[in-house]
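Notes follow once the structure below has been shown.
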DNA sequence: TAGATTGTTAATCGATTAACAATC
DNA sequence: TAGATTGTTAATCGATTAACAATC
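Below, the structure is given as structure tokens:
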């Protein structure tokens, strides 16, 4: 099995989005150049990325929008969304819960946890907030595979430990901290400071 | 002038964070191995990254924490924060406004904009929310360099156009859409679907 | 001096881009 | 058939990793 480059994986949602838009616009065929244009990616890159998964186009014609949409849905696993729990029902946590069409992108948040007594037992956006103490039990019962950490940085490592103990396979960390987890755990950090550093470097450079 | 690799820029905040923690812990010297351990980066990578900006260590000894902290503050421009306006005072917008110690990372949000009449004129976290119609005038007056877009996807392009017209130099886009902006504009997309795609790929793979 | 660790060069690895034969 | 566009190989580019002389 050939390894998929990480950047390729990151571009698939961009293609998916461009295809959804094209489909809604009634467009039936898209060339790699057109698809790339709408996704912000070079046409050669588009073709190369897609060939990691199969041959979806017709030479001299292009890609069938509906067909390629279906392929990407399959590749991205959008039909069988992953179930996740979210820890930290603050603003960021709620924002993520409400990320537009998150379910559409293959994620379903099934429970929220917090330490704030004022939030525990409440329903936020139709989702009950549980005490952090119940994390291990509930994750075990639900069999959730993903834990999303949106707590303040100082609590994040402790929460990560609980998630690992509870048996999640992946952690999506939004707290600005370097988490230590066993190598078997899939860890993805979403770090705003990283984006900001890039931005401000270019700002200071191109005077 | 040597071009700084983008991945290097993204790792600087990780080093900065590790150094802050070390400094608070009273640690005065850190080797590249120790710094890398705390930042989640290989030691050779740490040394290589730092040499793009200068020579900050002492062979046989390591890096002086306070000294390197000061250098990184300078490199990241944390002493002269960039001023930004934020458009879209929803949950995500508010979450970003409250990102822990954002000011510490060199960003100061100076005004918020929204189209919701219920929000316009209100003060959210001490920041007044203005009508989107006033965007161009206020950005011009304040001379803001960065526009942060946290609107729903369908409005994002229109907001980006207004920001460009108003004269911002950089756009930090959180809406899941491919924005078209002139090449002179620095554009950074923060896209949750990208992270999710990566996570779910690995989840489905390592059965 | 002996031991440790930097800064830097060279080797490796991985991703992007260019080019084009095959195909519609 | 002539024109267009894919899939794929080869060339280029850029980043990471390894190795080690210089330095403390």
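Protein chains in written order, with our numbering: chain A, 453 to 659; chain B, 453 to 659.
Think of the CB as a built atom: it goes at the ideal place given N, C-alpha and C, for glycine as much as any other residue.
The structure presented is a predicted model; accordingly, all values stated were derived computationally and were not measured.
Simplified DSSP assignment, three categories, for residue i
{"i": "residue 561 of chain B", "result": "strand"}
{"i": "residue 501 of chain B", "result": "helix"}
{"i": "residue 456 of chain B", "result": "coil"}
{"i": "residue 542 of chain A", "result": "coil"}
{"i": "residue 509 of chain B", "result": "strand"}
{"i": "residue 599 of chain A", "result": "strand"}
{"i": "residue 606 of chain A", "result": "helix"}
{"i": "residue 614 of chain A", "result": "helix"}
{"i": "residue 490 of chain A", "result": "helix"}
{"i": "residue 465 of chain A", "result": "helix"}
{"i": "residue 591 of chain B", "result": "helix"}
{"i": "residue 631 of chain A", "result": "coil"}
{"i": "residue 647 of chain A", "result": "helix"}
{"i": "residue 529 of chain B", "result": "coil"}
{"i": "residue 553 of chain B", "result": "coil"}
{"i": "residue 657 of chain B", "result": "helix"}
Counterpart residues of residue i in DSSP-defined beta bridges
{"i": "residue 548 of chain A", "result": "Paired residues: none, contrary to the question."}
{"i": "residue 516 of chain B", "result": "B:481"}
{"i": "residue 534 of chain A", "result": "A:559"}
{"i": "residue 580 of chain A", "result": "A:575"}
{"i": "residue 640 of chain B", "result": "B:624"}
{"i": "residue 566 of chain A", "result": "A:583"}
Whether residue i touches residue j by CB criterion (8 angstroms)
{"i": "residue 560 of chain B", "j": "residue 588 of chain B", "result": "no"}
{"i": "residue 461 of chain A", "j": "residue 649 of chain B", "result": "yes"}
{"i": "residue 638 of chain B", "j": "residue 599 of chain B", "result": "no"}
{"i": "residue 542 of chain B", "j": "residue 602 of chain B", "result": "yes"}
{"i": "residue 626 of chain A", "j": "residue 544 of chain A", "result": "yes"}
{"i": "residue 464 of chain A", "j": "residue 515 of chain A", "result": "no"}
{"i": "residue 469 of chain B", "j": "residue 628 of chain A", "result": "yes"}
{"i": "residue 523 of chain A", "j": "residue 506 of chain A", "result": "yes"}
{"i": "residue 621 of chain B", "j": "residue 655 of chain A", "result": "yes"}
{"i": "residue 557 of chain A", "j": "residue 530 of chain A", "result": "yes"}
Span separating the alpha-carbon of residue i from that of residue j
{"i": "residue 584 of chain B", "j": "residue 456 of chain B", "result": "36 angstroms"}
{"i": "residue 566 of chain A", "j": "residue 586 of chain A", "result": "10 angstroms"}
{"i": "residue 594 of chain B", "j": "residue 537 of chain B", "result": "9 angstroms"}
{"i": "residue 631 of chain B", "j": "residue 616 of chain B", "result": "12 angstroms"}
{"i": "residue 467 of chain A", "j": "residue 487 of chain A", "result": "7 angstroms"}
{"i": "residue 504 of chain A", "j": "residue 592 of chain A", "result": "35 angstroms"}
{"i": "residue 652 of chain A", "j": "residue 510 of chain A", "result": "43 angstroms"}
{"i": "residue 659 of chain B", "j": "residue 597 of chain A", "result": "Unreliable placement is indicated for residue 659 of chain B, whose pLDDT of 35 sits below 50; no coordinate value is reported for it."}
{"i": "residue 657 of chain B", "j": "residue 614 of chain A", "result": "24 angstroms"}
{"i": "residue 485 of chain B", "j": "residue 640 of chain A", "result": "22 angstroms"}
{"i": "residue 502 of chain B", "j": "residue 574 of chain A", "result": "48 angstroms"}
{"i": "residue 643 of chain A", "j": "residue 471 of chain B", "result": "17 angstroms"}
{"i": "residue 528 of chain A", "j": "residue 539 of chain A", "result": "24 angstroms"}
{"i": "residue 477 of chain B", "j": "residue 519 of chain B", "result": "15 angstroms"}
{"i": "residue 492 of chain B", "j": "residue 618 of chain A", "result": "24 angstroms"}
{"i": "residue 459 of chain A", "j": "residue 495 of chain A", "result": "15 angstroms"}
{"i": "residue 550 of chain A", "j": "residue 508 of chain A", "result": "33 angstroms"}
{"i": "residue 633 of chain A", "j": "residue 497 of chain A", "result": "34 angstroms"}
{"i": "residue 647 of chain A", "j": "residue 610 of chain A", "result": "25 angstroms"}
{"i": "residue 571 of chain A", "j": "residue 571 of chain B", "result": "24 angstroms"}
{"i": "residue 590 of chain B", "j": "residue 546 of chain B", "result": "20 angstroms"}
{"i": "residue 473 of chain A", "j": "residue 473 of chain B", "result": "45 angstroms"}
Presumed contact (8 angstroms Cβ cut-off) between residue i and residue j, rounded CB distance
{"i": "residue 548 of chain A", "j": "residue 517 of chain A", "result": "That pair is no contact at about 30 angstroms."}
{"i": "residue 555 of chain A", "j": "residue 569 of chain A", "result": "That belief does not hold up - the Cβ atoms of residue 555 of chain A and residue 569 of chain A are roughly 30 angstroms apart, past 8 angstroms."}
{"i": "residue 612 of chain B", "j": "residue 582 of chain B", "result": "Contact doesn't hold; Cβ gap of about 17 angstroms is too wide."}
{"i": "residue 490 of chain B", "j": "residue 521 of chain B", "result": "With a Cβ gap of about 13 angstroms, residue 490 of chain B and residue 521 of chain B do not count as contacting."}
{"i": "residue 605 of chain B", "j": "residue 552 of chain A", "result": "6 angstroms"}
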